[in-house]
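Note sheet for the following structure.
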Amino acid sequence: MRTDVLDLHAFYDSPLGAAARAFIASRIAEAWGEAKQCRIAGFGYASPYLGGFAGAERVLALAPAAQGVMGWPADAGNRAGLVDEYRWPLPDASIDRLLIVHGLEEAGDPRRLMREAWRVLTNDGKVIIVAAHRRGLWSIVETTPFAAGRPYLKRQLKNLLNETLFRDDAWSAALYFPPFGARFLLRAAPAWEGAGSKLWPGLGGVLMVEATKSLMAPVVQVQRARAGALRPAAARRVPQRA
Numbered sequence: 002m003r004t005d006v007l008d009l010h011a012f013y014d015s016p017l018g019a020a021a022r023a024f025i026a027s028r029i030a031e032a033w034g035e036a037k038q039c040r041i042a043g044f045g046y047a048s049p050y051l052g053g054f055a056g057a058e059r060v061l062a063l064a065p066a067a068q069g070v071m072g073w074p075a076d077a078g079n080r081a082g083l084v085d086e087y088r089w090p091l092p093d094a095s096i097d098r099l100l101i102v103h104g105l106e107e108a109g110d111p112r113r114l115m116r117e118a119w120r121v122l123t124n125d126g127k128v129i130i131v132a133a134h135r136r137g138l139w140s141i142v143e144t145t146p147f148a149a150g151r152p153y154l155k156r157q158l159k160n161l162l163n164e165t166l167f168r169d170d171a172w173s174a175a176l177y178f179p180p181f182g183a184r185f186l187l188r189a190a191p192a193w194e195g196a197g198s199k200l201w202p203g204l205g206g207v208l209m210v211e212a213t214k215s216l217m218a219p220v221v222q223v224q225r226a227r228a229g230a231l232r233p234a235a236a237r238r239v240p241q242r243a
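So this note's numbering is basically just the index in the sequence shown, starting at one, shifted up by 1.
As structure tokens, this is what we get:
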């Protein structure tokens with residue numbers, strides 16, 4: 002069961018959601034800038050973060066059918082649509098950059114989702130995943146969409162990427178300030194973010210990882226596959242008739 006798009010939209014339309022978006026968006030901009038001449042896709046509820054790619058060739062917002070879709074703000078043209086969670090209407094190797102926000106935590110089969118992400122990315126394509134952090138306060142307080150679904154630890158996210166043929170290149174975090182909408186907390190949010198990244202870097206509300214599509218299977222997986230192929234099948238005992 003996925004969070005309804007109206008709840009997601011209402012959160013990002015609030016002062017608390019606007020503050021969260023600003024801090025996460027700044028991390029994405031540090032990694033990709035305007036993504037000049039790139040084909041960009043967002044999966045989950047990535048619409049609030051797709052407006053920063055002014056130099057992109059095209060920008061698409063893919064929303065799981067169980068969630069619903071809504072642009073941010075209203076999309077011009079046909080750039081946002083509902084998709085099957087594991088079968089996106091995109092050709093192989095057609096996307097240069099993929100942004101997954103509110104997409105992984107509520108996926109019924111995260112590995113299958115990441116395999117679809119691998120399929121649509123170009124050979125040197127990159128993905129940024131923004132996932133709720135299990136050790137952060139935002140995954141505990143159930144008043145924001147970051148508390149929905151399955152939060153992740155860094156090692157869990159790293160293992161998922163390795164298993165689905167992605168190489169994790171860079172890690173960061175955001176949302177160190179408390180997930181409450183009180184005005185005095187929001188005014189202090191920039192100070193919380195600055196201090197948090199230096200004093201308690203492992204306690205951010207969200208984990209952010211940039212990963213590159215890999216065309217080579219890990220050596221361990223290849224060795225296991227070869228061992229299975231070369232192992233002789235056990236002889237089946239045929240019962241003797243009396």
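Ideal Cβ placement from N, Cα and C applies to all residues, glycine included.
Keep in mind it's a predicted model, so treat the numbers as computed, not measured.
Point to revise | Three-pair Cβ contact test at 8 Å for the region 115-122 versus the region 178-195 | key: no
Review point. Terminal residues of the continuous alpha helix (DSSP H) containing Trp193?
Key: Ala190 to Leu200
**Study point:** Burial state of Phe12 (16 or more Cβ within 10 Å)
**Key:** buried
Review point. For Ile25, does the three-state DSSP call read helix, strand or coil?
Key: helix
Check your understanding: How far does the beta strand (DSSP E) with Ala118 in it reach, from first residue to last?
Key -> It is not in any beta strand (DSSP E) - Ala118 instead sits in the alpha helix (DSSP H) that spans Pro111 to Val121.
Review point. Relative to the C-alpha of Gly45, which residue among Tyr177, Asp93, Met115 and Cys39 is closest?
Key: Met115
Point to revise | DSSP bridge partner residues for Pro16 (one or two, in chain order) | key: For Pro16, which the question treats as bridged, DSSP gives no partner whatsoever.
Practice item. State the start and end residues of the unbroken beta strand (DSSP E) segment that holds Glu257. Key: What the structure shows of the chain is the stretch from 2 to 243, and residue 257 is not part of that stretch, so it cannot be assessed.
**Study point:** Residue burial classification, Phe181 (beta-carbon count within 10 angstroms, cutoff 16)
**Key:** exposed
**Study point:** Check whether Ala266 and Arg98 have beta carbons under 7 Å apart
**Key:** With the chain represented from 2 up to 243, any question about residue 266 goes unanswered, as that position is not in the structure.
Check your understanding: Which of helix, strand or coil does DSSP assign to Pro65?
Key -> strand
Exercise for review: Tell whether a beta-carbon distance below 7 Å holds between Phe24 and Glu194.
Suggested key: yes
Check your understanding: Taking just the CA atoms, how far does Tyr87 sit from Val60?
Key -> 20 Å
Exercise for review: Classify Tyr50 as helix, strand or coil using the three-state DSSP reduction.
Suggested key: helix
Check your understanding: When burial is assigned at 16 or more other CB atoms within 10 Å of the CB, is Thr144 buried or exposed?
Key -> exposed
Review point. In terms of residue numbering, what span does the alpha helix (DSSP H) encompassing Leu99 cover?
Key: No alpha helix (DSSP H) contains Leu99, which is instead part of the beta strand (DSSP E) from Ile96 to Val102.
Review point. By Cβ distance, which residues of its chain are closer than 6 Å to Leu17, with the 5 residues on each side in sequence left out?
Key: Gly182
Practice item. In the DSSP assignment, find the unbroken alpha helix (DSSP H) run with Leu158 in it and report its ends. Key: Lys155 to Glu164
Review point. Taking the alpha-carbon positions, what's the Leu9 to Pro65 distance?
Key: 13 Å
Check your understanding: Val6 by DSSP, collapsed to three states: which one?
Key -> helix
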